[in-house]
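Data first, discussion second: the structure below is written as structure tokens.
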Amino acid sequence: MDIWLTNSRTRKKELFEPIDRDNVRIYVCGPTVYDRAHLGNARPAIVFDVLFRLMREVYGPDHVTYVRNFTDVDDKINARAEASGRSISEITAETTQWYLDDMAAVGVMEPTEMPRATAYIPQMIAMISDLIEKGHAYEAEGHVLFAVESYKTYGALSGRSVDDMIAGARVEVAPYKRNPMDFVLWKPSAPGQPGWESPWGVGRPGWHIECSAMSYELLGATFDIHGGGNDLMFPHHENEIAQSCCAHPEGGFAKVWLHNEMLQVEGRKMSKSLGNFFTVHDLLEGHDGQPAVPGEVIRFVMLSTHYRKPMDWTAEKAEQAAATLRKWRGMVEGVEAAAVPETVLFALADDLNTAGAIAELHKLASAGDAAALKAGATLLGLLTPELGAWAEVSVDLSGLAATLADARTRAMETKDFSEVDRMKAALVAAGVEVRMSKAGVELLPGAGFDPAKLEGL
Ligand SMILES: [Zn+2]
């Protein structure tokens, strides 16, 4: 099975050839753990989860190493700790678990390794010392900075020159920088800030060095694929490349770079000021009067758009996805999965075309091939037992429909509709669509149906 991937580094779709077929190695930049993951954060997690699943399918589950880090040292974390009066370790531990729970809810498998930055400080210090020795970094006023002019091809990934960057970027001007684009590898910590002993005094690492140190430690000087959102391409990924290639010129760092496009909500950039900002947890639990959206539905909507295209999250897409998944789950119930259909595998092997793979699933469903549908969907992490609880309508709603119909009949006589209104509101809150007509009362469980909320009705 040939896999083709669009390499951001070469800007071409290339045939993927693993460095070692027995150990395909992938690194993806993970979250900074200071708050709940917002919906946009779920996109790379889901996209690269599908890549992980595809590689496991093609090369064997034991022949893929997928590393996704946790950034647990960052000024945003310090600020959160200070504002809340809680300890940094409490906040990072809690937020890390939130992230794992939310990603599991949208069907993301745990990567092979999930290193925390703070567990790799000695390796970062060693790499920084090495960069200073090799003339790529310098110490100034307790800081250590990477000298971008020491690395000829700095900016090649995003296709910019250092001069363009200076002109275009909001550069932090600091008197101790030789070049405004030089970036921080190490910075001093004041008392009360997290800090580690180093040759440059008590301090903490800059953000970029952790990915270089951890990928070297866990994957080596050269590995197959580096992934992340395209918002990370500059400066984060440029800086990772500069650090790693200068510290380990014997390796080439990542051969293939994959970047996913960003996410919008109802056609607009997600932002707190527009009121369309929400976390994965908000969606899973229901928020602002909106019904809950099951994790499987979130996953399906995300995969309906190719990772290299901007993705637009809409409530309508979620409704349609829920209807499709409910129908498919009905079809594959009790059916044994066949072999993964080639059409689905081909679509994914063609630059991770998840939208194409879903189109193939629709064809299998139309043809009534439930065994192939189940196998193909499972490769995408859909129709799995873990994500299925939402679609099990274990409660018979006919009794409630009859009670509501009776209440309405009584209300017609007494002109007191309060009981009808109360029941309707409770049903809607439980994610049930209520249709009342002369013919009677119909209750339809929707995407966010939660049988537990029917108790007491
Ligand atoms: Zn990174």
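The opening residue of the sequence shown carries number 1 in UniProt numbering; numbering runs sequentially from there.
Even glycine gets a Cβ: it sits at the ideal position worked out from N, Cα and C.
Secondary structure of residue i, DSSP reduced to three states
{"i": "M311", "result": "strand"}
{"i": "D350", "result": "strand"}
{"i": "R268", "result": "strand"}
{"i": "W196", "result": "strand"}
{"i": "T279", "result": "strand"}
{"i": "I19", "result": "coil"}
{"i": "residue 511", "result": "Given a span of 1 to 457 for the chain in the structure shown, any question on residue 511 remains unanswerable."}
{"i": "E82", "result": "helix"}
{"i": "K438", "result": "coil"}
{"i": "D450", "result": "coil"}
{"i": "K177", "result": "coil"}
{"i": "A365", "result": "helix"}
{"i": "F417", "result": "coil"}
{"i": "K76", "result": "helix"}
Bounding residues of the alpha helix (DSSP H) (the contiguous stretch that carries residue i)
{"i": "W98", "result": "I88 to A105"}
{"i": "L131", "result": "I121 to E133"}
{"i": "L404", "result": "S398 to T414"}
{"i": "F300", "result": "G295 to L303"}
{"i": "D44", "result": "The sequence given here places Pro at residue 44; Asp does not occur at that position. Taken as a continuous stretch (DSSP letters only), the alpha helix (DSSP H) holding P44 covers L39 to Y59."}
{"i": "S244", "result": "E238 to A247"}
Per DSSP, the bridge partner or partners of residue i
{"i": "E433", "result": "L444"}
{"i": "E139", "result": "V144"}
{"i": "N7", "result": "K12"}
{"i": "G228", "result": "H259"}
{"i": "E113", "result": "V67"}
{"i": "F253", "result": "T222"}
{"i": "T32", "result": "T71"}
Terminal residues of the beta strand (DSSP E) in which residue i lies
{"i": "Y27", "result": "V24 to V28"}
{"i": "T65", "result": "V64 to R68"}
{"i": "L382", "result": "Unbroken run through L382: none, as it is neither H nor E."}
{"i": "K187", "result": "F183 to P188"}
{"i": "R204", "result": "G203 to P205"}
Residue i Cβ short of 7 angstroms to ligand 1 heavy atom set
{"i": "H281", "result": "no"}
{"i": "H236", "result": "yes"}
{"i": "C246", "result": "no"}
{"i": "E240", "result": "yes"}
Proximity of residue i and residue j at Cβ, strictly below 8 angstroms
{"i": "A242", "j": "Y154", "result": "yes"}
{"i": "R326", "j": "A425", "result": "no"}
{"i": "G229", "j": "M262", "result": "yes"}
{"i": "E240", "j": "Y120", "result": "no"}
{"i": "V73", "j": "P191", "result": "no"}
{"i": "G142", "j": "P175", "result": "no"}
{"i": "Y34", "j": "R68", "result": "no"}
{"i": "L54", "j": "L387", "result": "no"}
{"i": "L185", "j": "L145", "result": "yes"}
{"i": "A105", "j": "G289", "result": "no"}
{"i": "G376", "j": "V344", "result": "yes"}
{"i": "L284", "j": "V293", "result": "yes"}
{"i": "R116", "j": "F70", "result": "yes"}
{"i": "C245", "j": "K134", "result": "no"}
{"i": "A147", "j": "R178", "result": "yes"}
{"i": "I19", "j": "K269", "result": "no"}
Min CB distance residue i to chain D below 8 angstroms
{"i": "H226", "result": "Within the model displayed, chain D is absent; a lone protein chain is all it includes."}
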